[in-house]
Amino acid sequence: MLYDKNCLAGKRILITGGGTGIGKGLAHHMASHGAEVVIWGRRTQVLEEAAKEINAECGEKVFFQAVDIRNAESVEAAMADIWEKHGALTGVVNNAAANFIAPTKDLSPRGYEAISSTVMDGAFFTTQAAGRRWIEQGLKGSVVSTLVTWIWTGSPYVVPSSMAKAAVHAMTMSLAVEWARYGIRLNAVAPGPFPTDYAWEMLNPTEDSSVGATQADQVPMGRFGEMSELGNLVLLLLSDGADYITGETICIDGGHHLAAPSTFAGLNSMTDAQWAQAKTAAKAASDKAKAQRSV
Ligand SMILES: CCCCCCC/C=C/C(=O)SCCNC(=O)CCNC(=O)[C@H](O)C(C)(C)COP(=O)(O)OP(=O)(O)OC[C@H]1O[C@@H](n2cnc3c(N)ncnc32)[C@H](O)[C@@H]1OP(=O)(O)O
Ligand SMILES: NC(=O)C1=CN([C@@H]2O[C@H](COP(=O)(O)OP(=O)(O)OC[C@H]3O[C@@H](n4cnc5c(N)ncnc54)[C@H](OP(=O)(O)O)[C@@H]3O)[C@@H](O)[C@H]2O)C=CC1
43 MLYDKNCLAG KRILITGGGT GIGKGLAHHM ASHGAEVVIW GRRTQVLEEA AKEINAECGE
103 KVFFQAVDIR NAESVEAAMA DIWEKHGALT GVVNNAAANF IAPTKDLSPR GYEAISSTVM
163 DGAFFTTQAA GRRWIEQGLK GSVVSTLVTW IWTGSPYVVP SSMAKAAVHA MTMSLAVEWA
223 RYGIRLNAVA PGPFPTDYAW EMLNPTEDSS VGATQADQVP MGRFGEMSEL GNLVLLLLSD
283 GADYITGETI CIDGGHHLAA PSTFAGLNSM TDAQWAQAKT AAKAASDKAK AQRSV
């Protein structure tokens, strides 16, 4: 374990979408470092099983509520319930999301809405409901949103997700300034591929849909990210150790999004012998040109 196992003692953290995938991994990571964790999602059974599994290892640290974050009233009621039953949160992780690959020209308004409202409205309602309470009660707070590198690059075929994540990026920078004087920090992480069941069913459902976004061999580090690596980054941002960090989005992708086809990243696979060949060929061309120089 990189961090002290009690470094989050006294912290109470809400993780939306905490019943599956990355959210569940984060819930486990925070609970195993001493935090109390509340997880949200729409499926009671999934949440219950996740909480049970983590609690079996960490003690009674994880609680759950079935909440649809697209509904502002439900978010407000669930937040009030947390404050009443557990006490004030110290942190929020906006992690819940919806997504699927689709040609944009074929997306229906409801398809667009299902994705954009979950990502953008859900993060806003959750952040506002916690932030309002922190401000009223003079409490510090830390918000971390799970974005994606498409906030910088965009991505075809997942346009509503790219748009909505970019909006949450804007929220992060905007509220970092508006709420700094209350001691409320907003940061975000932008992971590369961390394969999870539901996301891969949505983003890589067939053999033909297996492209660079979901392939480990397209990551310069040659592998997917590990949950503990993402957990350590989110833990830092939620902890008092990051008290002067706000408005930042930190990429954690092994160099994936920088290795774009417009760069020479593909040369990573060239052998020394192939490099020697390339040098000989390029040098021959430049020597020929050199021989023709008159100045
Ligand atoms: C660079 C790194 C690589 C990896 C980056 C990964 C970045 C981000 C990843 C993610 O965010 S993955 C998250 C994946 N998890 C989820 O999506 C979980 C939640 N998902 C859901 O709830 C559903 O899957 C849902 C379909 C997204 C939404 O469900 P909801 O019940 O709200 O809506 P529906 O009524 O089912 O559908 C609404 C609307 O959408 C149309 N639709 C649904 N699926 C598709 C599809 N695959 N393709 C096209 N259209 C779809 C559906 O037909 C409805 O439209 P209408 O027919 O009524 O017009
Ligand atoms: N996996 C990856 O490689 C990457 C993921 N990300 C981001 O990480 C986050 C987690 O993704 P991942 O774990 O892979 O995917 P999952 O599908 O496992 O997680 C999404 C979670 O969101 C919950 N959710 C969806 N809609 C709602 C809603 N309306 N109200 C409440 N909860 C909801 C789902 O639960 P339920 O359906 O029960 O509501 C589910 O638990 C997402 O924000 C994703 O964009 C970013 C980059 C890469």
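Under my numbering, the first residue of the sequence shown is numbered 43, with each subsequent residue one higher.
Glycine residues also receive a C-beta, built at the ideal position from the N, C-alpha and C atoms.
*Would you list the residues sitting across from Ile124 in a DSSP beta bridge?*
Against the sequence shown, residue 124 aligns to sequence position 82. Ile124 is not bridged to any residue.
(request) Specify the secondary structure class of Gly133 as computed by DSSP and reduced to three states. (result) Residue 133 sits at position 91 when you count from the first residue of the sequence shown. Residue state, collapsed to three classes: strand.
Check your understanding: Three-state secondary structure (DSSP) at Glu115?
Key -> Within the sequence shown, residue 115 is the residue found at index 73, counting from 1. Three-state result, Glu115: helix.
Problem set entry | Spatial distance of Ala241 from Lys332 (CA atoms) | Reading the sequence shown from its first residue, position 199 is the one you call residue 241. Reading the sequence shown from its first residue, position 290 is the one you call residue 332. Their backbone Cα atoms lie some 55 angstroms apart in a straight line.
Discussion item. Taking the straight line between their C-alpha atoms, what separation do you get for Asn48 and Met269?
Written reply: Here residue 48 refers to the residue found at position 6 when the sequence shown is read from its first residue. Here residue 269 refers to the residue found at position 227 when the sequence shown is read from its first residue. Between Asn48 and Met269, the C-alpha separation is close to 19 angstroms.
| Range covered by the beta strand (DSSP E) that runs through Trp82 | Mapped onto the sequence shown, residue 82 falls at position 40. Unbroken beta strand (DSSP E) run through Trp82: 78-83.
ask   = Going straight from the alpha carbon of Met72 to that of Ile157, what length do you get?
value = Counting from one through the sequence shown, the residue named residue 72 turns up at place 30. Counting from one through the sequence shown, the residue named residue 157 turns up at place 115. So the alpha carbons of these two residues sit roughly 27 angstroms apart.
Between which residues of its own chain and Glu90 is the CB-CB distance below 7 angstroms, once the five residues before and five after are set aside?
In the sequence shown, counting from the first residue as 1, residue 90 sits at position 48. Closer than 7 angstroms at the Cβ level, and outside the excluded window around Glu90, lie Phe106.
| said: Using a 10 Å radius around the Cβ and a threshold of 16 neighbouring Cβ atoms, would you call Val276 buried or exposed? | reply: In the sequence shown, the residue the question calls residue 276 occupies position 234. The residue in question, Val276, is buried, as its Cβ has 16 or more Cβ neighbours within 10 Å.
Point to revise | Val161 classed as buried or exposed, judged by whether at least 16 other C-beta atoms fall within 10 angstroms | key: As a working note, residue 161 is residue 119 in the sequence shown. Per the 10 Å Cβ criterion, buried.
| task | Ignore the nearest five residues each way along the sequence and tell me which others in Tyr224's own chain have a CB closer than 7 angstroms to its CB. | result | Against the sequence shown, residue 224 aligns to sequence position 182. Cβ within range, chain order: Trp176, Ile177.
My output table needs one value for Phe142: the three-state DSSP class, helix, strand or coil.
Here residue 142 corresponds to residue number 100 of the sequence shown, with the count starting at 1. Correct three-state label for Phe142: coil.
- With a floor of 4 residues, list each alpha helix (DSSP H) that falls wholly inside the stretch 49-111, ordered by position along the chain. 63-73, 86-100
Tell me the residue span of the beta strand (DSSP E) that contains Phe230. Indexing the sequence shown from 1 puts residue 230 at position 188. Phe is not the amino acid found at residue 230; the sequence shown has Ala there. 226-233 is the extent of the beta strand (DSSP E) around Ala230.
inquiry  = Could you check whether the stretch 254-267 touches the stretch 295-304, counting it as contact only if at least three pairs of C-beta atoms, one from each stretch, sit closer than 8 angstroms?
reply    = yes
Identify, in the order they occur along the chain, each residue of the same chain with its Cβ nearer than 7 angstroms to the Cβ of Phe266, setting aside the five sequence neighbours on each side.
-> The sequence position of residue 266 within the sequence shown is 224, counting from 1. The residues are Pro235, Phe236, Pro237, Ala258.
Beta carbon of Trp82: closer than 7 angstroms to some heavy atom of ligand 2? Reading the sequence shown from its first residue, position 40 is the one you call residue 82. Trp82 Cβ: within cutoff of ligand 2.
Worksheet entry | Own chain residues within Cβ distance below 8 angstroms of Val261, not counting five before or after | Within the sequence shown, the letter at position 219 stands for residue 261. Hits under 8 angstroms: Gly234, Pro235, Asp295, Gly296, Gly297, His298, Ala301.
### Helix, strand or coil at Ser328 according to DSSP, with G and I counted as helix
Mapped onto the sequence shown, residue 328 falls at position 286. Three-state DSSP puts Ser328 in a helix.
Check whether the Cβ of Gly273 lies closer than 7 angstroms to any heavy atom of ligand 2, and answer yes or no. Sequence index remark: in the sequence shown, residue 273 carries index 231 (1-based). Because no heavy atom of ligand 2 lies under 7 angstroms away, the Cβ of Gly273 does not count as near it: no.
Q) So, are the CB atoms of Leu189 and Ala230 less than 8 angstroms apart? A) Reading the sequence shown from its first residue, position 147 is the one you call residue 189. Reading the sequence shown from its first residue, position 188 is the one you call residue 230. Contact flag set, yes.
For Lys94, count neighbouring C-beta atoms within 10 Å of its own C-beta (all shown protein chains included) and say buried if the count is 16 or more, exposed if not. Residue 94 sits at position 52 when you count from the first residue of the sequence shown. Classification for Lys94: exposed.
| Which of helix, strand or coil does DSSP assign to Val261? | Taking the first residue of the sequence shown as position 1, residue 261 is located at position 219. The answer is coil: DSSP assigns Val261 none of H, G, I, E or B.
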